[in-house]
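Asks: To convert, take the position in the sequence shown, counting from 1, and add 1213; that gives the numbering used here.
The structure under discussion is supplied below as structure tokens; questions concerning it will follow.
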Amino acid sequence: MAPIGENSSSREFEGFPLARVGWWIAVTLLLLAGLTRARGAWYSYGLDGYADEPEVIDPALRAAKGDFRPERFLYPGWTSYTIGATYKVLDVVGFGGEAGFLPEEPSADHFVVGRLVVFATGLLSALVAALVGRRLFGPWAGVAACALLLASPEFVSMGYIVQVNTPASLWTALAILFSANVYRLGRRPRDYVLAGICAGLAVGCKYNSYPAAFSLLVAHLAAPRDSRGWRHPWFVLGAALVPLTFLLTTPYALIDFERFLESIRFLNQVYQDQHWPLHTSTSGGSWLNYLERIWKAGWPYELSVAALLGTLAWCGKDWRRPLLVLGAAALNLGFLGFYKVYFLRHLLPVFPPLAVMSGAAVQWAIDRVDPSRARRVATGAVAALFVLGLGFRSFVDTQEKLEGKTKVDSRQAAKVWIEEHVPKGARIACEERSPKLEGYELVAARSIAAPEDRTAEIEAKADWVVVTLMSERLIERDPAWAGAREVYERFAARHELAAEFLGRGVDYAGRDIRIFRIVR
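So, in structure tokens, the structure goes:
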């Protein structure tokens, strides 16, 4: 199927069902998702949430007060500056009352606002995925891409956390969209410019998002040549805008270049040399580990099969389109796989392209079912069944995780119990992510059982012990924690279990917490 030239308006799909209403179906899906899921941003309100959130929130608050110099370069600046601009607007409109919304230290409300900003970028990513699918494959592909991305457990769950991966997904998807315009609508200068800017903003969110620029290269080389030639200068401009935009979003990378390089070396060392429980490959590279995580949790099972089917089916029709969509994703996976430490969230920008290709499979199937496109109601019903069949299990899993996340945090319940039953001044040993306690003599211990057995030390120093790691997956699965289960069981057998708060969405959000009274 030949690309459409600049002078032939995009009419290839006008005869399709949903050619005109697909946009509004996608918008409706986004509104429903926003109205029903935004409450997840209040999880663990007032408590420590995701460990990396302060790395984005703290510079965001400083930026809102006019200090744009980062203390560390763990992340580029664009996400923090975006959230900081939101803080500034809220302060101007009086959201914080007489005290304002720009205090010295961030409050729980600052974390909620930051999460809502990230949540909004996740919703917009689904909308952009719909536009990419519509532009390259057809309206059913667009609607299906939007719906399936909103069903992805990993993509949705990360949308409630202040982090840079979801915003990077949005700008990567936008770079693909404008590159698709170059390919489908002709080499319009504005599409080159916008694709380059969006790719630069993707890098401005997350350093390893530079493959977002690859889609523009594919589009430029694959688009049909018209009477005005290849327009190489516009491609050069678009490519040049990638690093320029990055430097505009993270200017201190140039101003304080030595410290920037030092941070990059530190990040490289973290992911290459350190050991992270359940997130470290034993083979050196992590390509297979990433693919396994995508298959099981990121784009699970039938969704991955659909993405593969869509890729193969459309490669037979026009291989340039799948390459334009998946090229950046493949490069991202290829780069991250060189490191032995792997986290699925780092591949979040891969999910919108996977959604588009899963939608392409739906479009291909609909074309086979109703090639005449005459029975529009019947075709719509079949398409809806396809999408429902692909995304139902993932959607149910996503909603269950949301319901569990919005329950009262187990740390809140444990704190109330301790304050009611444990006398002030008592000695309490607390494992990581225990409730914040005041008026007690606290003994800090990441774990009482691993990597070494500290139970004898803890029994001598504490009267009560708050255990948070006894039920965690790493106890069973990480070799560094081998034997920890037996240590916990022996400890539990020696002492009194005074209270238990089941997390993980069972009774509470968060971890399981057990409070033991030391028996002497």
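All C-beta atoms, glycine included, are put in the ideal place defined by N, C-alpha and C.
(1) Going by the DSSP bridge assignment, what does residue 1349 pair with across the sheet?
(2) What is the C-beta distance between residue 1400 and residue 1436, in whole angstroms, given that I count them as a contact (C-beta under 8 Å)?
(3) How about the segment 1243-1262 and the segment 1292-1312: do they share at least three Cβ pairs that are nearer than 8 Å?
(4) What would DSSP say about residue 1493, mapped onto helix, strand or coil?
(5) Quick test of your reading: residue 1289 and residue 1418, contact by CB under 8 Å. State the CB separation rounded to the nearest angstrom.
(6) Near residue 1377, what residues of its chain come up, given a Cβ to Cβ distance below 6 Å and the 5 sequence neighbours on each side ignored?
(7) For residue 1556 and residue 1689, what's the separation of their Cα atoms in angstroms?
(8) What does a CB cutoff of less than 6 Å around residue 1515 pick up in its chain, not counting 5 residues either side in sequence?
(9) Any idea if residue 1367 is buried or exposed, counting beta-carbon neighbours within 10 angstroms, 16 or more meaning buried?
(10) Between the alpha carbons of residue 1756 and residue 1582, how many angstroms are there, rounded?
(11) Measure the beta-carbon distance from residue 1541 to residue 1385 and round it to whole angstroms, keeping in mind my assumption that it falls under 8 Å.
(12) Would you report the Cα separation of residue 1270 and residue 1431, rounded to the nearest angstrom?
(13) If distances are taken between C-alpha atoms only, which option among 1503, 1529, 1357 and 1259 comes closest to residue 1550?
(14) Tell me where the beta strand (DSSP E) around residue 1527 begins and ends.
(15) By Cβ distance below 6 Å, which residues in the same chain neighbour residue 1717 in space, the five residues on each side in sequence not counted?
(16) Quick check: residue 1490 and residue 1691, are their CB atoms within less than 8 Å of each other?
(17) How would you call residue 1699, buried or exposed, if buried means at least 16 neighbouring beta carbons within 10 angstroms?
(18) For residue 1730, which of helix, strand or coil comes out of DSSP?
(19) By DSSP, does residue 1720 sit in helix, in strand, or in coil?
(20) Looking at the strands, I want to know which residues DSSP matches up with residue 1714.
(21) Among the residues of its own chain, which have a CB less than 7 Å from the CB of residue 1484, if the five just before and after it don't count?
(22) In or out: residue 1268 buried (at least 16 other Cβ within 10 Å) or exposed?
(23) By the DSSP assignment, the alpha helix (DSSP H) with residue 1254 in it spans what residues?
(24) Run through the DSSP bridge pairs and tell me what residue 1512 is partnered with.
(25) Determine the direct distance from the alpha carbon of residue 1611 to that of residue 1330, and round the result to whole angstroms.
(26) With DSSP as the reference, label residue 1375 as helix, strand or coil.
(27) Whose C-beta lies closer than 6 Å to the C-beta of residue 1520 among residues of the same chain, with five residues either side of it excluded?
(28) Just to confirm before moving on: does the CB-CB distance between residue 1346 and residue 1358 stay below 8 Å?
(29) To test your reading of the DSSP string, which unbroken alpha helix (DSSP H) runs of 4 or more residues are found completely within the segment 1414-1466?
(30) How big is the Cα-Cα spacing for residue 1256 and residue 1369?
(31) Can you name the residues that DSSP bridges to residue 1699?
(32) Would a C-beta distance cut-off of 8 Å place residue 1364 and residue 1576 closer than the cut-off?
(33) Reducing DSSP to helix, strand and coil, say where residue 1740 ends up.
(34) Name the DSSP beta bridge partners of residue 1643, please?
(35) Taking DSSP's pairing of strands, which residues face residue 1709 in a bridge?
(36) Let's see if you can read the secondary structure: which residues bound the alpha helix (DSSP H) around residue 1472?
Replies: Judging by the given coordinates:
(1) Looking at the DSSP output, residue 1349 sits in no beta bridge, so it has no partner there.
(2) Between residue 1436 and residue 1400 the Cβ distance is about 6 Å, and since that is below 8 Å, they are a contact.
(3) At 8 Å Cβ cutoff, the stretches do not touch.
(4) Residue state, collapsed to three classes: strand.
(5) That belief holds up - the Cβ atoms of residue 1289 and residue 1418 are roughly 6 Å apart, short of 8 Å.
(6) The answer, listed in chain order, is 1288, 1292, 1418 and 1419.
(7) Cα-Cα distance, rounded: 19 Å.
(8) Closer than 6 Å at Cβ, skipping near neighbours: 1603.
(9) Of the residues assessed, residue 1367 falls on the buried side of the cut-off, its CB having 16 or more other CB atoms within 10 angstroms.
(10) There is no way to answer for residue 1756, as the model of the chain reaches only from 1214 to 1733.
(11) Between residue 1385 and residue 1541 the Cβ distance is about 6 Å, and since that is below 8 Å, they are a contact.
(12) Each residue's alpha carbon lies about 36 Å from the other.
(13) The residue with the shortest Cα to Cα distance from residue 1550 is 1503.
(14) Residue 1527 -> not in any beta strand (DSSP E); alpha helix (DSSP H) instead, spanning 1515-1531.
(15) Closer than 6 Å at the Cβ level, and outside the excluded window around residue 1717, lies no residue.
(16) A distance below 8 Å separates the beta carbons of residue 1490 and residue 1691.
(17) Label assigned to residue 1699: exposed.
(18) Here residue 1730 sits in strand by DSSP.
(19) Residue 1720: coil per DSSP, three-state reduction.
(20) 1726, per the DSSP bridge assignment.
(21) Only 1552 and 1554 meet the Cβ criterion.
(22) Around the beta carbon of residue 1268, 16 or more other beta carbons lie within 10 angstroms, which makes this residue buried.
(23) Looking at the DSSP string, residue 1254 is not in any alpha helix (DSSP H), and its letter there is neither H nor E.
(24) Per DSSP, none; premise fails for residue 1512.
(25) Looking at the two C-alpha atoms, the distance is approximately 20 Å.
(26) In this structure, residue 1375 counts as coil in the three-state DSSP scheme.
(27) The beta carbon of residue 1520 lies closer than 6 Å to those of 1567, 1570 and 1571 in the same chain, with the five residues before and after it left out.
(28) In contact: residue 1346 and residue 1358 (Cβ atoms closer than 8 Å).
(29) Here the runs fully enclosed are 1427-1435 and 1445-1462.
(30) When rounded, the distance between both Cα atoms is 14 Å.
(31) DSSP output for residue 1699 lists no bridge partner at all.
(32) Not a contact, by the Cβ cut-off of 8 Å.
(33) Residue 1740 lies beyond the range of the chain shown here (1214 to 1733); nothing can be said about it.
(34) For residue 1643, which the question treats as bridged, DSSP gives the partners 1657 and 1679.
(35) Under DSSP, residue 1709 shares a beta bridge with 1730.
(36) Where residue 1472 is concerned, the enclosing alpha helix (DSSP H) stretches over 1470-1486.
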